[in-house]
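S.K.: Residue numbers (our numbering): 58 to 174.
Even for Gly, the Cβ is constructed at its ideal location relative to N, Cα and C.
Everything numeric in this text was worked out from a predicted model, so none of it was measured.
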């Protein structure tokens, strides 16, 4: 930068405008979630499901939701986690969160192990 010229203003990396550049993968992902009948950039609607893509993501479960699903006390889940025998969980901040698919898979594994006995 030549002496005496001011530096360009700070712009976060993802917000810089790039003329004539191909869309980023993030914008392509957003475009794939748009409802085909909406042209103003609305995300997928429930009236017109997008074919061929899974636009609904299942939210993570809290420890209370997993306990209710498994019909066990929360304290049992905490003990299983301490002994590394329960369904896998992730710490998000100060909270434990469970992926419902992993919980169901963990249950299916327990059922398979029980049937092998």
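Among 114, 117, 155, which one has its Cα closest to the Cα of residue 134?
M.R.: Residue 134 has its Cα closest to that of 155, out of 114, 117, 155.
S.K.: DSSP on residue 169, reduced to helix/strand/coil?
M.R.: Looking at residue 169 - three-state DSSP - the assignment turns out to be helix.
S.K.: On the CB-based measure, 16 or more other CB atoms within 10 Å of its CB, does residue 160 come out buried or exposed?
M.R.: Flag for residue 160 reads buried.
S.K.: Tell me the residue span of the beta strand (DSSP E) that contains residue 147.
M.R.: Taken as a continuous stretch (DSSP letters only), the beta strand (DSSP E) holding residue 147 covers 147-149.
S.K.: Just to confirm before moving on: does the CB-CB distance between residue 152 and residue 116 stay below 8 Å?
M.R.: Going by C-beta atoms, residue 152 is not nearer than 8 Å to residue 116.
S.K.: Please say whether residue 145 and residue 123 have beta carbons closer to each other than 8 Å?
M.R.: It is not a contact, given that the beta carbons lie outside the stated cut-off.
S.K.: Which partner residues of residue 155 appear in the DSSP bridge assignment?
M.R.: Answer by DSSP bridge pairing, in chain order: 118.
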